[in-house]
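Peer 1:
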Amino acid sequence: MSLWILDKGAVAPLVNALRADYRVIGPQAKGPKFVFDPIEDPAQLRLDYNTTILPPKKVLQPPEERLATFSMGSEPRVAPVVEAEPTVLLGVHTCDLHAIQLLDKVFSTDYPDAHYLERRQQTIIFSIECLEPCDEHSFCKSMGTLTAGEGYDVHLTDLGLAYAADVATEAGKALLTRYGTVREATDADVRRLNEVMGAKWPRFTYRLNFDAAELPALLSMAYDHPLWDELGERCYACGACTIVCPTCYCFNVFDETNMALTEGERWRRWDSCQLDEFARVAGGENFRAARAARQRHRFMRKGKYIYEKIGELGCVGCGRCIRACIPKINIVDGFNTIHGGG
Amino acid sequence: MTTLNVNVHHVTRVEGHGSIVVDVKNGEIKECRFEVVEAPRFFEAFVRGRPYSELSHITSRICGICAVGHATASLEATEKAMGVQLTEQATLLRKLMFHGEIIDSHILHTYYLVAPDFLGAGSVIPLIETHRDAVLLALRVKKLSGDLCAIIGGRHTHPCALTVGGFTHTPGERELREIQARLVDARADMDASVDLFASLPWPEFERETEYVSLHKDDEYAFIGGTVVTSDGFSYPIEDYKQVTNEECVPFSTAKWTHHNRDAYMVGALARLNNNHDQLHPRAQAAAAKLGLRPIVTNPFLNSAAQVVEMVHCVEDSIRIIDELLSRGVQPEAPAPFKVEATEAVGSCDVPRGILFHHYVYDEDGICTRANCIIPTNQNMANLNADMKVLLPQILDRPQDEVRHLLEMLVRAYDPCISCSAHCLKVEFV
Amino acid sequence: MTTSSIYLPEMGRLVQVESMTTLEKLFTIELPGGQSLGHDPGQFVMVSVLGVGEAPISITSSPSRSNGSFELCIRRVGDVTNALHGMQAGATIGVRGPFGHGFPIEKMRGKDVLFAPGGLGLAPLRSLINQVIDERSSFGRVIVLYGAKRPNELLFRDELDEWIARDDVECHVTVDRGDETWDGHVGVITTLFPYVSINPRNTVAVTCGPPIMYRFVLMELLGKGIPETQIYLSLERRMKCGVGKCGHCQINDQYCCQEGPVFTYAQIKGVEEAL
Amino acid sequence: MDNGKPKVAFFDFACCEGCQLTVIDSLQTHLDLLDAIEIVQFREAMSEKGENYQIAFIEGSCTRQEDEERLHKIRDQADIVVALGACAHLGGINALKNLHPLEDVRKWVYGDKAAWYDTYPARPIGAVIEVDAFIPGCPIDREEFVRVVKALLLGTKPPIPDYPVCVECKLKENVCLFDLGKICLGPVTRAGCNAICPSYGAACEGCRGLIPNPNENAMKDVLAKAGLTVEEIMSRFTMFNTYQLQERMAEEE
Ligand SMILES: Cc1cc2nc3c(=O)[nH]c(=O)nc-3n(C[C@H](O)[C@H](O)[C@H](O)COP(=O)(O)OP(=O)(O)OC[C@H]3O[C@@H](n4cnc5c(N)ncnc54)[C@H](O)[C@@H]3O)c2cc1C
Ligand code: SF4
Ligand code: SF4
Ligand code: SF4
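Chains as they are written, first to last, in my numbering: chain A, 4 to 345; chain H, 44 to 472; chain E, 13 to 287; chain F, 51 to 303.
1. With the cut-off set at 8 Å, would you say Val-238 (chain F) and Ile-210 (chain F) are in Cβ contact?
2. Against chain E, does Leu-230 (chain F) count as a neighbour if the rule is that its beta carbon must be under 8 Å from one of theirs?
3. Using alpha carbons as the reference points, say which of A:Ala-32, A:Cys-324, A:Ser-77, A:Val-109 lies closest to Val-61 (chain E).
4. Could you tell me the alpha carbon to alpha carbon distance between Asp-117 (chain F) and Val-27 (chain E), rounded to whole angstroms?
5. Cα-Cα, which of A:Asp-227, A:Asp-51, A:Asn-212, A:Val-84 is closest to Tyr-166 (chain A)?
6. Given the structure, does Ala-304 (chain F) come close to ligand 4, in the sense that its CB is under 7 Å from one of the ligand's heavy atoms?
7. Please identify the residue among A:Glu-187, A:Tyr-310, A:Arg-269, A:Cys-328 whose C-alpha is closest to the C-alpha of Ser-5 (chain A).
8. For Leu-243 (chain H), which option in H:Asp-274, H:Ser-166, H:Gln-321, H:Phe-343 has the closest C-alpha, if you only look at C-alpha atoms?
9. Would the C-beta of Gly-396 (chain H) count as close to ligand 1, meaning under 7 Å from any of its heavy atoms?
10. Spatial neighbours of Phe-471 (chain H) within its chain, please: CB distance less than 6 Å, with the 5 preceding and 5 following residues excluded, ordered by chain position.
11. Helix, strand or coil for Met-224 (chain A) per DSSP?
12. Hey, would you say the C-beta of Pro-330 (chain A) is under 7 Å away from at least one heavy atom of ligand 3?
13. Residues of the segment 232 to 256 of chain F in Cβ contact with chain A at a cutoff of 9 Å, in chain order, please.
14. Quick check: does the Cβ of Val-474 (chain H) come within less than 7 Å of any heavy atom belonging to ligand 2?
15. Name the residues in the segment 303 to 321 of chain A whose C-beta lies less than 8 Å from a C-beta of chain F; which are they?
16. Residues of the segment 146 to 170 of chain H in Cβ contact with chain F at a cutoff of 8 Å, in chain order, please.
17. With a 10 Å radius around its C-beta and 16 neighbouring C-beta atoms as the bar for buried, classify Thr-193 (chain E) as buried or exposed.
18. Just how far apart, CA to CA, sit Pro-379 (chain H) and Val-127 (chain H)?
19. Could you pull the start and end residues of the alpha helix (DSSP H) that Ala-224 (chain H) belongs to?
20. Does Arg-217 (chain H) pass the burial test, meaning 16 or more other C-beta atoms within 10 Å, or should it be called exposed?
21. Please go through the same chain and pick out, in chain order, the residues whose beta-carbon is closer than 7 Å to the beta-carbon of Leu-278 (chain A), but skip the five residues on each side of it.
22. Measure the C-alpha to C-alpha separation of Gly-12 (chain A) and Pro-30 (chain A) and round it to an integer number of angstroms.
23. Taking the alpha carbon of Asn-333 (chain A) as the point to measure from, which residue in A:Leu-92, A:Leu-230, A:Pro-79 has its own alpha carbon closest?
24. With a Cβ-Cβ cutoff of 8 Å, do Cys-234 (chain F) and Leu-227 (chain F) count as a contact?
25. Could you check what DSSP says for Tyr-267 (chain E) in three-state terms: helix, strand or coil?
26. Could you tell me how far apart the beta carbons of Ala-177 (chain H) and Leu-239 (chain H) are, in whole angstroms, since I believe they sit closer than 8 Å?
27. Could you pull out every residue in the same chain whose Cβ sits closer than 8 Å to the Cβ of Arg-183 (chain H), ignoring the five residues on either side in sequence?
28. Would you give the residue range spanned by the alpha helix (DSSP H) that Gly-130 (chain E) belongs to?
29. With a CB to CB cut of under 7 Å and the five nearest residues on each side skipped, what residues in its chain are close to Glu-285 (chain E)?
30. Does the pairing of the segment 68 to 78 of chain E with the segment 133 to 150 of chain E give three or more beta-carbon distances under 8 Å?
31. Listed in chain order, which residues of the segment 67 to 98 of chain F have Cβ atoms closer than 8 Å to some Cβ of chain E?
32. Taking its Cβ as the centre, do 16 or more other Cβ atoms sit within 10 Å of Asn-316 (chain H), making it buried, or is it exposed?
33. Applying a beta-carbon distance threshold of less than 8 Å, which residues of chain F neighbour Lys-36 (chain A)?
34. Could you check whether the Cβ of Cys-69 (chain F) sits closer than 7 Å to any heavy atom belonging to ligand 3?
35. Between Ala-282 (chain A) and chain E, is the shortest Cβ-Cβ distance under 8 Å, so that the two count as touching?
36. Ligand 2 and Thr-93 (chain E): does the residue's C-beta get closer than 7 Å to at least one heavy atom of that ligand?
This is how it looks when you write it as structure tokens:
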């Protein structure tokens, strides 16, 4: 829509101003790592972060979320809970932005999920261009998520002393101009932006040995690949890979009551297809009892099933599952193995 | 002539299993003793072969009530052995957490276990109806002390973040500030507690004995220092065996100890008797109000001394947090050290009294010998001596009352029998 | 709030609770204001006992006999089903749905229909059987082959007797192991097949039962030459949402709650996780 | 159940009583527990002793012949028996002594007086009597205890997770200890503690027992890659799980 310039020195005042009216969430340090959390002091904001432990999906689909409250007893009543508040989500990398767009699709098609959508609607996203790979595990270039053309309200690119702010929505513009001190970009700024963008690509490498668009077709032939058994041997079924994944959205639902058993709440919590009981039914039958079958299911979802459902690959190349996996199961190596020639 | 047969199996409202056995025929006392009947657990035997890094985590499981105390004493020993120098911040945090445990244990003992005796209840539960304010006060202070331990060590019972060289976690300044504000608020609860316990009709009973505790000149000693006794002795911690002189007794899984006399007493009252001058002024004022002027020789007043110590720990915690905040709290890695074959003794004065952990490590840091001497054991002989003196004085009273008074005496010692039962190793070479 | 929550149950009233066997009860449920559930045979609802949880249950009554209420036949196996079994008529439960794809009755018209339910598998099939019977003239032959482990585990015995008594339904019942009360057929369900002759091209087969039963029944049906596209199964999976989000019911790429629970054999053939 | 509340009793065997203390602590935030249940026996906190109870919470391991009789008596009385904490659930820290010959252990501690002290290898109470539910942990988690009580009141399955600690640890967005060069048993240990140790930078020690279907070989592999010797690996596992490991070894033989 329009390009603006936000001086780095103007970021802290912007954050402070936003905090008056919004919940402001951004990347900040946690020990040697980073996490998305509410910003209480602009000094906490680390737009130079590499990657976060959990993806920003946690802001839109919280790890635990109340769905309803109810009363029990002879005349039980139930009322929905849709918890959303005006939020500004700062510093979303483009891989995660692609993932959010995927979640948007999942939660708005067929049966729209008001809990997610309401929160999504009240969230304004400032994404940020990655100029360096976060580490050796990311493979965004292979997955086509190294940059983004949509899905954000404002998109920042680090020009050194200032950020270029590509404003894509009215909401973004209103926010930026009302709460921040910005100026419109000049031709020189645009030239600088192009330079920066041009220089970034070579710094990223392809890590898949093939075009990601081939994944669904490749995987449809790989159902009986020996890889799954090999992964099943190594996998703990700890679920970490799916919990940290920005495109995983499976959940469990459970009720909590008060001590007197007169009232309660219905909650949902992130769940993982890697866990033992995920596909077990009351009769005791477990439809994915083997760890190998569960690993296959994860790979298939990322490279095939989700694509078939909504037309987007279920992996955005963020590399989180690789970082999180203690036995170092690596989805890139896995995909490359399936492609052949590892 | 009185004939009395009291057998209180599994004395209640104490941590652990103990029984009182009294046998009086025609006014003559045949038997009067406190037995520890708990299953022994053999900690000293099974820590052999375990690496130094596990010792504080294993020995914390000796007692769920003084878990912080055991972990701290254990770390004192290991850190001494390995020549670790804690940072100032870590030292302050250890002290702060220790205060948390003292408050936690004392509030449990005074309100949940002792107060019902005076308020005519069998437990704290009916007091929720009859003395709701007092119970809510106790719950509030218990939560405060538990939270104080938790922000530092993760939890009070078996803290996770204590490790050789310091901590695996550092509390945030905001958490410290919040807990400090609650500690300041707790002053009112402390005042109310002093008033409440000052108004209780403590049983009249005196028996002078030797009081043993840690001592430091510059602070009320809980962690480290020297071992002192009210009979004027003083020893470095390493010479603890000159104080404890343990022996096995047939009716007890706890070993008995004695020093200058047949028996000695440890715990809050012993500390107050030996270290009254180092108490915070507010705690000294509380002691005065409770009528505790050293040397106090009524063992029932051990519970009153605990109230005084709570006041002290609340005040000193507020001070420590001030000090931490003014220094600035930074996450820091445990202090570095080199593992070598060594041996050392650590000592803390835990809620129930002085505690010793003595370890020998081989060159890989594997524990080859361990000795833990627990306060309740050290009190066992003294408690029995008290009972023998008390019983003749009350023999003419109804049997229920005799039983009740004896039970109260046991409870006054706050015996953590679960820990006393893991007694102790034979001589070191 | 802009949209209403898809996870919010409506409160329905149990108008009747009837014991069927030691494990199963039949629940008749009315929605508020007597509104109709509007289901197809083979669809399911998510049933809530607030405080305990939710469980997917097939609607066992036929849409052709709704009368402003619907029926669920529920086996007690766990938390929710136990809690339901403890409830009396008059109690209130939560209902969401109907969900999923039921049996495509339109595609069955004019054809012979062979039902082969095993055990509790009769519950979802009964809905379709009764609708077919109610619209009897638009179908060819109607065959019901029902098997249960023991005589006291047979469900809907009155209805079975009715079907047996009818001239226009061929109904055969068997038990794996008989007892003194039983003078009927003994043997697994596949031993009933020789009793009926089938015109495979013109037959639609519908089956539901425990996973092991499927294997044998399918072998029988395929052996008779019934086309894979004319064999329908209803599958059970763990379900937490019923609307294709929670992921629990996924069978490879298919969400059982959306694409299913009714599948044709052609759809799931070769899908390893399906059976 | 005269007042409609289920009567509950607490018992302890060889243990540190930290779990009972945790129960007492749960009152700080859940005083309404006392409106829902009637505690008729709780030696650590009350003098009254009621023998008419429906639910028994048992803390501690069985370590002596005489313990067995007491356990059977409790089992006979209670409708529901719950193992409270690692000692009762697994044998826990007490079972460390099972790694040494019994005679040696007794002599080591009591010298020539060893014969006075009766003891045998520590066992979880489930090895002696049937147990209806268990609350893992050393000590138990306060909130989990409350959840289990609610489930018992509601008549549902106690909500004890079957998945590993890593799940909760990741949900809390902790920095994984393996990333800090430490070694953690979280991947094979049952969750429910809200990953308290890793949340405080300390490695999971396995106090809640192994998950039902652990990949122990993967764990050993990873630990070996982290440079641990076989003894060190075993020592990690044995801290709370000696009884289970020895049982398994005996089964394999
Ligand atoms: C489409 C569909 C239709 C259905 N129709 C019917 C029907 O008409 N009638 C009917 O009775 N049932 C039907 N079911 C099955 C029914 O949904 C389950 O029996 C029900 O969900 C059980 O819920 P519950 O709360 O009673 O059991 P829960 O207590 O929730 O137990 C069930 C879950 O907990 C786990 N679990 C339970 N016990 C154990 C154990 N011992 N070990 C390990 N894990 C365990 C299982 O993983 C299982 O998923 C249907 C299922 C589906 C998917
Ligand atoms: S599958 Fe792995 S790399 Fe792909 S989006 Fe998920 S966490 Fe990132
Ligand atoms: S993170 Fe690794 S070990 Fe854990 S479930 Fe995923 S693949 Fe398995
Ligand atoms: S710290 Fe431990 S529990 Fe947490 S994710 Fe890492 S291995 Fe799992």
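Idealized CB from N, CA, C, for every residue including glycine.
Peer 2: In short:
1. Taking the fourth sequence and counting its residues from 1, one reaches residue 238 (chain F) at position 188. Taking the fourth sequence and counting its residues from 1, one reaches residue 210 (chain F) at position 160. No, the Cβ-Cβ distance between Val-238 (chain F) and Ile-210 (chain F) is not below 8 Å.
2. Position 180 of the fourth sequence, counting from 1, holds the residue named residue 230 (chain F). Not one chain E Cβ lies under 8 Å of Leu-230 (chain F).
3. For the purposes of this step, residue 61 (chain E) is taken as residue 49 along the third sequence, with counting starting at 1. Among A:Ala-32, A:Cys-324, A:Ser-77, A:Val-109, the Cα nearest to that of Val-61 (chain E) belongs to A:Ser-77.
4. The residue labelled residue 117 (chain F) in the question sits at position 67 within the fourth sequence. The residue labelled residue 27 (chain E) in the question sits at position 15 within the third sequence. For Asp-117 (chain F) and Val-27 (chain E), the distance between alpha carbons rounds to 52 Å.
5. On the first sequence, position 163 is the one that residue 166 (chain A) refers to. For Tyr-166 (chain A), the nearest C-alpha among the options comes from A:Asp-51.
6. With chain F covering only 51 through 303, there is no way to say anything about residue 304 (chain F).
7. One-based indexing of the first sequence puts residue 5 (chain A) at position 2. With distances taken between Cα atoms, Ser-5 (chain A) lies closest to A:Glu-187.
8. For this step, residue 243 (chain H) is matched to residue 200 along the second sequence. With distances taken between Cα atoms, Leu-243 (chain H) lies closest to H:Phe-343.
9. Against the second sequence, residue 396 (chain H) aligns to sequence position 353. No, ligand 1 has no heavy atom inside 7 Å of this Cβ.
10. What you label residue 471 (chain H) is simply residue 428 of the second sequence in a count that begins at 1. The pLDDT assigned to Phe-471 (chain H) is 29, lower than 50, so where the model puts this residue is not dependable, and the model offers no usable value.
11. Here residue 224 (chain A) corresponds to residue number 221 of the first sequence, with the count starting at 1. Residue state, collapsed to three classes: coil.
12. Counting from 1 along the first sequence, the entry for residue 330 (chain A) is found at position 327. Pro-330 (chain A): yes, Cβ under 7 Å from ligand 3.
13. Cys-234, Gly-236, Pro-237, Val-238, Gly-251
14. Given that chain H is displayed from residue 44 to residue 472, the structure contains no residue 474 (chain H) and the question cannot be resolved.
15. none
16. Leu-151, Tyr-155, Leu-156, Pro-159, Gly-165, Ser-166, Val-167, Ile-168
17. Sequence index remark: in the third sequence, residue 193 (chain E) carries index 181 (1-based). So Thr-193 (chain E) counts as exposed.
18. To locate residue 379 (chain H), count along the second sequence from 1; it is residue 336. To locate residue 127 (chain H), count along the second sequence from 1; it is residue 84. Each residue's alpha carbon lies about 7 Å from the other.
19. The residue given as residue 224 (chain H) occupies position 181 in the second sequence. Where Ala-224 (chain H) is concerned, the enclosing alpha helix (DSSP H) stretches over 216 to 241.
20. Position 174 of the second sequence, counting from 1, holds the residue named residue 217 (chain H). So Arg-217 (chain H) counts as exposed.
21. As a first step, residue 278 (chain A) must be located in the first sequence, where it is residue number 275. Same-chain partners within the cutoff: Ala-240, Gly-242.
22. The sequence position of residue 12 (chain A) within the first sequence is 9, counting from 1. The sequence position of residue 30 (chain A) within the first sequence is 27, counting from 1. Distance between the alpha carbons of Gly-12 (chain A) and Pro-30 (chain A): 18 Å.
23. Your numbering for residue 333 (chain A) matches position 330 in the first sequence. The residue with the shortest Cα to Cα distance from Asn-333 (chain A) is A:Leu-230.
24. The sequence position of residue 234 (chain F) within the fourth sequence is 184, counting from 1. The sequence position of residue 227 (chain F) within the fourth sequence is 177, counting from 1. In this structure, Leu-227 (chain F) lies closer than 8 Å to Cys-234 (chain F) by Cβ.
25. Residue numbering aside, residue 267 (chain E) sits at position 255 when the third sequence is read from its first letter. Strand, per DSSP.
26. For the purposes of this step, residue 177 (chain H) is identified with residue 134 of the second sequence, where counting begins at 1. For the purposes of this step, residue 239 (chain H) is identified with residue 196 of the second sequence, where counting begins at 1. Indeed they touch by this definition, with Cβ atoms about 6 Å apart.
27. In the second sequence, the residue the question calls residue 183 (chain H) occupies position 140. Answer for Arg-183 (chain H): Ala-229, Asp-232, listed in chain order.
28. Stepping through the third sequence from its first residue, residue 130 (chain E) is reached at position 118. Element bounds for Gly-130 (chain E): n/a, residue is neither H nor E.
29. Within the third sequence, the letter at position 273 stands for residue 285 (chain E). Cβ neighbours of Glu-285 (chain E) beyond the five flanking positions: Ile-263, Asn-264.
30. yes
31. none
32. Counting from one through the second sequence, the residue named residue 316 (chain H) turns up at place 273. By the 10 Å Cβ count, Asn-316 (chain H) comes out buried.
33. In the first sequence, counting from the first residue as 1, residue 36 (chain A) sits at position 33. Here the neighbours are Val-225, Asp-229.
34. Start at 1 with the first residue of the fourth sequence, and residue 69 (chain F) comes out as number 19. No, the beta carbon of Cys-69 (chain F) sits no closer than 7 Å to any heavy atom of ligand 3.
35. Translated into the one-based positions of the first sequence, residue 282 (chain A) becomes position 279. It does: the Cβ of Ala-282 (chain A) has a partner Cβ on chain E nearer than 8 Å.
36. The sequence position of residue 93 (chain E) within the third sequence is 81, counting from 1. Thr-93 (chain E): no, Cβ never under 7 Å from ligand 2.
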